[in-house]
Amino acid sequence: MSALMKRLAHDGRVYVHSGQLLSTTAGINGIRAAVAAEVHVVLRRLWRDWERYATGSEGLSSAQQFEAALETFTADQAAELMGRFASECLVGPRATFMERAEADTVVHRVVELLGPDAHWWSNYDSETEGAYTCITACTFDGIVTGTDGRHFIVLIQVGED
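According to this note's numbering, the stretch in the sequence shown is residues 94 to 254, in order.
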């Protein structure tokens, strides 16, 4: 899964992370907290690249703040967002990082590997297209994460206008 996720990365704009969850407590809330901690690993890494451009004065969100911002998504919704975030720039949608068809192919394989019982989350509001909870203090950020309870994936795109 790691090799697939790396194909979706774009230097300095689309960050990815995947692996095995190291610790979880029982139930979905424990899994969600463990995934939020893994997302925070990526957030700290991208913050080194983006801190000087960040528009928010509050700085990087904590793992708990990110966890509170998570919206539940279906696998199909998560795949759509991941494909979009991996291929299209959030700042200027006409700018692309990779071909959308290639991104969708990789994303669908990742979704398939995590399986039909995987849990999916994003900082995007599934009810309101384009609305999201800012996590990175950058003008734009799009985050999708998923887990089967043992393995996880994270994809984050950031940008400033």
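By construction, the Cβ of each residue, glycine as well, lies at the ideal position given by its N, Cα and C atoms.
Review point. Per DSSP, W143 forms a beta bridge with which residues?
Key: Along the sequence shown, read from residue 1 onward, the residue named residue 143 stands at position 50. BP columns for W143 are empty, so no partner.
Review point. Among residues of its own chain, excluding the 5 on either side of F245, which ones have a beta-carbon nearer than 6 Å to its beta-carbon?
Key: The residue given as residue 245 occupies position 152 in the sequence shown. Cβ neighbours of F245 beyond the five flanking positions: L114, V128, E131.
Exercise for review: Rounded to whole angstroms, what's the CA-CA distance from G112 to S95? Just pull it up for me.
Suggested key: Counted from its first residue, the sequence shown places residue 112 at position 19. Counted from its first residue, the sequence shown places residue 95 at position 2. Their Cα atoms are separated by approximately 7 Å.
Check your understanding: Taking C-alpha atoms, which residue in T226, I228, E173, P186 lies nearest to R202?
Key -> As a position in the sequence shown, residue 202 is number 109, starting the count at 1. Ranking T226, I228, E173, P186 by Cα distance to R202 puts E173 first.
Practice item. With DSSP as the reference, label G185 as helix, strand or coil. Key: Translated into positions along the sequence shown, residue 185 becomes position 92. Here G185 sits in coil by DSSP.
Review point. From T167 to S180, what does the alpha carbon distance come to, in whole angstroms?
Key: Locating residue 167 in the sequence shown gives position 74, counting from the first residue. Locating residue 180 in the sequence shown gives position 87, counting from the first residue. Using only the alpha carbons, I get a separation of about 20 Å.
Practice item. Just mark A161 as buried or exposed, buried being the case when its beta carbon has 16 or more other beta carbons within 10 Å. Key: Along the sequence shown, one-based indexing puts residue 161 at 68. With a threshold of 16 other beta carbon atoms within 10 Å, A161 falls short and is exposed.
Practice item. Report the rounded CA-to-CA distance for R100 versus C182, giving the unit in angstroms. Key: On the sequence shown, position 7 is the one that residue 100 refers to. On the sequence shown, position 89 is the one that residue 182 refers to. Taking C-alpha positions only, R100 is separated from C182 by approximately 16 Å.
Exercise for review: Put G120 into one of helix, strand or coil per three-state DSSP.
Suggested key: Within the sequence shown, residue 120 is the residue found at index 27, counting from 1. Helix.
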